[in-house]
Amino acid sequence: MIAVLDIAVSILIAVLLLGGAFWMLTAALSMFHARDSLSRINVLSPATGLGLPMIVMGAFLEHARVDGFDPALLLKSVVTVLALIIVSSVASNVLARAAYLSGSPVDPRTAPQDLARAPGEGEQVPHSDDR
Amino acid sequence: MSVILWVTVALLGAAILVGLFRVATAPDAASRAVVGDLVFFSGVGLIVLVGLLKASAAAVDAALIASVLGILATVALARILTRGRR
């Protein structure tokens, strides 16, 4: 029974680690396909919001499998995952705003572009031709 | 298990190399900042994996600090991009 559980946990760890690294590599390769910096900021999200938390949880499970369960390590891992999700969301929001304000070219179909016009200038409809 | 750890290290290293190449060929400064962020987070993943390979729990603390304070680098880059405007 213990041996079966050990194999199951090992497979779970392998899936978490390899899957997380796969997301990071996919995000890095997708940086070549995104056409403007706003799309690249979007492409970053799966790496920091899914890939790295998977790696951290897989590392926690491996530590627990080798050395036994440690509540402090669980607390650190959970705080790391929460920090990654919250921090990367806030950081990409700040970076996207700065990227737009710095005048880097955006895809011409980007709509609405509220930062480019004065308040109360009228509503912009989101682009819907190429669905 | 060691094979899986090394394959993960190889994938993360490939992500870092691809990211550095993209930093060199990026068309504008904002893209460089974003891809630099990706390289940073891949480095955090590498720290976690080195902690597994060396069986050291201190790497978990390093990853915790890096993920909490990682926003500082991004916000600083954002301020540089807009020349100090918010």
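Which chain is which? The protein sequence lines are Y and Z, in order.
Residue numbering for the first sequence follows my numbering, beginning at 1 and increasing consecutively.
Residue numbering for the second sequence follows my numbering, beginning at 1 and increasing consecutively.
Cβ atoms here follow ideal geometry from the backbone N, Cα and C, with glycine treated the same way.
The C-beta distance from G45 (chain Z) to I55 (chain Y) rounds to 5 Å, short enough to meet the 8 Å contact threshold.
Secondary structure at V60 (chain Z): helix, using DSSP grouped into helix, strand and coil.
From the listed residues Z:A26, Z:G36, Z:F41 and Z:S42, the smallest Cα separation to D36 (chain Y) is found for Z:A26. G51 (chain Z) is classed as buried because its beta carbon has at least 16 other beta carbons within 10 Å across all chains shown.
Under the rule that a run must span 4 or more residues, the alpha helix (DSSP H) segments found entirely inside the segment 42-123 of chain Y read 52-67 and 71-101.
For G19 (chain Z), the closest Cβ of chain Y is nearer than 8 Å. Under the Cβ distance rule, G51 (chain Z) counts among the residues neighbouring chain Y, one pair being separated by less than 8 Å. Annotation for S104 (chain Y): S37 place their beta carbon closer than 6 Å to its own, counting only its chain and skipping 5 residues before and after. Sequence-distant partners of S88 (chain Y) (beyond 5 residues in either direction) whose C-beta falls short of 8 Å from its own C-beta, in its chain, are L44, S45, T48 and G49. Here G84 (chain Z) carries a coil assignment [DSSP, helix/strand/coil]. Taking C-beta atoms under 8 Å as the contact rule, V79 (chain Y) and L64 (chain Z) qualify, at a distance of about 6 Å.
With respect to I41 (chain Y), A99 (chain Y) sits close: the two C-beta atoms are nearer than 8 Å.
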